[in-house]
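For the sequence shown, numbering that gives the first Met the number 0 assigns the number 0 to the initial residue and increments by one for each residue that follows.
We treat Cβ as the ideally placed atom computed from N, Cα and C, and that holds for glycine.
Model, not experiment: these values are computed from the prediction.
All remarks here apply to the structure that follows.
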Amino acid sequence: MRRSHAVRQSLTRPLRSASFALGAVLIVLTVSAPAFAQGEQPDDEEQASLEGEARASFDAGQRAFSAMRYEQALTYFRLAYEASPHPELLYNIALSADRLRRDAE
């Protein structure tokens, strides 16, 4: 009986982590959406520059994450999100924070 309980717990642990990451992303989206909607829109040239910065930061974050340097990855993903707030980046931020066991981020 105890063995089946341990197996059940080990199977639900990844689901809890995934649920937490999804919850964190939803909270960040809810909080940041009104602030983003009120912001000033950059012109085309400035937007292209920001997109380039975001891409460079995202690529650096991907490399850091792949090398298990989660602190650096988190920093790069946040920089990418600041330059260009694509909601997909929030997943990378949440995943990096999860790997660092930072449940509050």
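For this session: Report, in whole angstroms, the separation of the C-beta atoms of THR72 and SER95, which I expect to be a contact under 8 Å.
Result: The identity of residue 72 in the sequence shown is Ala, whereas the question assumes Thr. Contact holds; Cβ gap of about 5 Å.
For this session: Return helix, strand or coil for SER83, following the three-state DSSP convention.
Result: coil
For this session: Please state if the CB of TYR69 and the CB of ALA59 are separated by a distance shorter than 7 Å.
Result: no
Exercise. By a C-beta neighbour count over all protein chains shown, 10 Å radius and 16 as the cutoff for buried, is ALA63 buried or exposed?
Worked result: buried
For this session: Could you tell me how far apart the beta carbons of ALA79 and ALA53 are, in whole angstroms, since I believe they sit closer than 8 Å?
Result: With a beta-carbon spacing of about 5 Å, ALA79 and ALA53 fall inside the 8 Å limit used to define contacts.
Problem set entry | Same chain, Cβ closer than 6 Å to LEU49, five either side skipped, listed in chain order | Same-chain partners within the cutoff: ALA82, SER83.
For this session: Give me the Cα-Cα distance between PRO86 and ARG101, rounded to the nearest whole angstrom.
Result: 20 Å
For this session: Using only alpha-carbon positions, find the residue among LEU88, ASP97, ASP43 that is nearest to GLN61.
Result: Put simply, of LEU88, ASP97, ASP43 the residue whose alpha carbon is nearest the alpha carbon of GLN61 is LEU88.
Exercise. If we ignore side chains and look at the alpha-carbon of each, how far apart do ALA66 and ASP43 end up?
Worked result: 35 Å
Problem set entry | Cutoff 7 Å; reference ILE92; Cβ partners in own chain excluding five residues on either side | LEU73, PHE76, ARG77, TYR80
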